[in-house]
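Residue numbers for the sequence shown follow this note's numbering, beginning at 2 and rising by one. Glycine is no exception: its CB is placed at the ideal position from the N, C-alpha and C atoms. Have a look at the structure below before the remarks.
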Amino acid sequence: MPKRHKPRKGSLQFWPRVRAEKILPSVNWTPLYGREKTGQKILGFFGYKAGMLRVLVNDLTQHSMTKNKEIVVPVTVIECPPLKLYSIRLYKNGRVVAEAVVSNEKELKKIVKAPKELQLAKLPDIEKSIEGYDDAKIILYSDIRKIHLKKTPDISEIALSGSIKEKFEFAKGLIGKEINISDVFSAGQLIDVHAVTKGHGFQGPMKRFGIGKRSHKSEKGVRRPGTLGPWTPSKVMFYAPQAGQTGFFTRVIYNSKIIKIASAEINPKKGFHRYGFVKNPCLLMKGSIQGPAKRPVLLAISARPSKNAGKKNYEIIKIMN
2 MPKRHKPRKG SLQFWPRVRA EKILPSVNWT PLYGREKTGQ KILGFFGYKA GMLRVLVNDL
62 TQHSMTKNKE IVVPVTVIEC PPLKLYSIRL YKNGRVVAEA VVSNEKELKK IVKAPKELQL
122 AKLPDIEKSI EGYDDAKIIL YSDIRKIHLK KTPDISEIAL SGSIKEKFEF AKGLIGKEIN
182 ISDVFSAGQL IDVHAVTKGH GFQGPMKRFG IGKRSHKSEK GVRRPGTLGP WTPSKVMFYA
242 PQAGQTGFFT RVIYNSKIIK IASAEINPKK GFHRYGFVKN PCLLMKGSIQ GPAKRPVLLA
302 ISARPSKNAG KKNYEIIKIM N
């Protein structure tokens, strides 16, 4: 006899299930202020997912069942080419009130309408009235010539830590310089991973919500829900399993641990499947990361650090590529 009750199919955590607006997600940086590590100025970075590997490590975590034992940990490789500064953006009451463009490389013409001349002359005027602004952020773009994935660089807004004066002075020091992943994050740090999941197009309710097939004698279809809801209210609620867009959603993985900041020695003999060879410094992130190979991934400091995840400590013995 069937049970009268069972867990529902499909998570109610995410709604609406629609396609992401852009391939590189944006981040609400305001809740992250004050959570950075001591001395950390830049609160985020972005790179490109290459693939996955296995790492043989010695578990040094206190009170772990595998303490002082060798275990295999799956890791995701995120290649992080250097970033460059495009502009410095000033905010007041949550709105952009001033911006100074400090780079006009030809690659930028494919994504933004950069002015013909640099706006470095704006910086002294902004500095004089710096106390009249609430926040300062930087717009960074990837040096796409060092990664050979595509011709168009990715661009994103990244927050800084400190007072408004400290942020502005630090941003000015980045003009014409490259920002490397080692300047922002370090091994063992917990970060949040913002990315867009794999897209599966328009799918039915079985694949989209995980409902089961109905009996072979059921009417009006087998691969569909038995009901769309009660008589009252006289409308179909959002939690009724129906066909629609599956995948290509913006999702966040919280408290992902950086196992190591590695270089090109982690490349498999034939390169990563559907990606190729890693040529820049890369992050080895514990576990899996959403999205296919070549997808841009935005990395930010942890919004709600986990004590248990932060206590995990591994000593790398061998990268099994």
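Contact belief for residue i with residue j at Cβ below 8 Å, rounded distance in angstroms
{"i": "Glu80", "j": "Asn281", "result": "5 Å"}
{"i": "Trp30", "j": "Phe239", "result": "Actually they do not touch by this definition, with Cβ atoms about 29 Å apart."}
{"i": "Ile165", "j": "Leu86", "result": "The Cβ separation is near 18 Å, so there is no contact."}
{"i": "Lys295", "j": "Tyr276", "result": "6 Å"}
{"i": "Ile43", "j": "Ile180", "result": "7 Å"}
{"i": "Glu100", "j": "Ile89", "result": "7 Å"}
{"i": "Leu141", "j": "Tyr49", "result": "Not really, about 14 Å apart at Cβ, beyond 8 Å."}
{"i": "Ala301", "j": "Leu33", "result": "7 Å"}
{"i": "Ile318", "j": "Glu71", "result": "7 Å"}
Where residue i falls, given that 16 or more other Cβ within 10 Å makes a residue buried
{"i": "Thr77", "result": "buried"}
{"i": "Gly213", "result": "exposed"}
{"i": "Val298", "result": "buried"}
{"i": "Ile320", "result": "buried"}
{"i": "Leu61", "result": "exposed"}
{"i": "Val56", "result": "buried"}
{"i": "Thr251", "result": "buried"}
{"i": "Gly45", "result": "buried"}
{"i": "Phe278", "result": "exposed"}
{"i": "Asn309", "result": "exposed"}
Distance between residue j and residue i (C-alpha atoms, nearest Å)
{"i": "Phe171", "j": "Val102", "result": "16 Å"}
{"i": "Ser307", "j": "Ala51", "result": "26 Å"}
{"i": "Gly272", "j": "Glu167", "result": "42 Å"}
{"i": "Ala21", "j": "Ser157", "result": "16 Å"}
{"i": "Pro333", "j": "Val19", "result": "Absent from the model: residue 333. The displayed extent of the chain is 2 to 322, so no value can be given."}
{"i": "Met53", "j": "Asn105", "result": "35 Å"}
{"i": "Lys1", "j": "Ala196", "result": "With the chain running from 2 to 322 in the structure shown, residue 1 is simply not present."}
{"i": "Ile159", "j": "Asn69", "result": "39 Å"}
{"i": "Gly222", "j": "Ala241", "result": "16 Å"}
{"i": "Ser264", "j": "Asp184", "result": "15 Å"}
{"i": "Lys4", "j": "Ser65", "result": "38 Å"}
Minimum C-alpha distance to residue i - residue among the options
{"i": "Gln63", "options": "Ile317, Lys319, Lys312 and Ile320", "result": "Lys312"}
{"i": "Leu210", "options": "Gln246, Pro75 and His195", "result": "Note that residue 210 is Phe in the sequence shown here, rather than Leu. When each option's Cα is compared against that of Phe210, the closest is Gln246."}
{"i": "Arg96", "options": "Lys68, Glu132 and Ala137", "result": "Ala137"}
{"i": "His201", "options": "Pro293, Tyr92 and Leu141", "result": "Pro293"}
{"i": "Gly94", "options": "Cys283, Tyr134 and Glu37", "result": "The sequence as given places Asn at residue 94; Gly does not occur at that position. It is Tyr134 whose Cα lies nearest to the Cα of Asn94."}
{"i": "Gly205", "options": "Ile192, Arg224, Leu141 and Leu285", "result": "Arg224"}
{"i": "Leu161", "options": "Gly189, Gly40 and Leu284", "result": "Gly40"}
{"i": "Lys117", "options": "Lys123, Ser143, Lys107 and Val73", "result": "Lys107"}
{"i": "Phe47", "options": "Pro234, Lys178, Ser27 and Arg36", "result": "Ser27"}
{"i": "Val1", "options": "Ile260, Pro269, Ser130 and Ile262", "result": "An answer regarding residue 1 cannot be provided, because it is not within the stretch 2 to 322 covered by the chain."}
{"i": "Lys38", "options": "Leu119, Leu109, Gln190 and Lys152", "result": "Gln190"}
{"i": "Lys23", "options": "Phe249, His274 and Asn309", "result": "Phe249"}
{"i": "Val253", "options": "Ile145, Gln14, Val58 and Thr153", "result": "Gln14"}
{"i": "Tyr255", "options": "Thr228, Ile192 and Arg36", "result": "Ile192"}
Any C-beta of chain D under 8 Å from that of residue i
{"i": "Asn322", "result": "The structure shown contains no chain D; it holds only a single protein chain."}
Can you give, in chain order, each stretch of the beta strand (DSSP E) that sits fully within the segment 169-236 and has at least 3 residues? 191-197 and 200-204
If you scan the segment 15-56 from start to end, which runs of the alpha helix (DSSP H) of 4 or more residues do you find wholly inside it?
-> none
| message | List, from N- to C-terminal side, the beta strand (DSSP E) runs of 3 residues or more that fit wholly inside the segment 57-94. | response | Considered as a whole, the segment 57-94 harbours 71-80 and 84-93 as its complete beta strand (DSSP E) runs of no fewer than 3 residues, in chain order.
Quick one: which unbroken beta strand (DSSP E) runs of 3-plus residues sit fully inside the segment 278-312? Chain order, please.
283-287 and 297-302
Practice task
Identify every run of the beta strand (DSSP E) within the segment 240-281, keeping only runs that are complete inside it and at least 3 residues long; order them along the chain.
Solution key: 245-248 and 251-263
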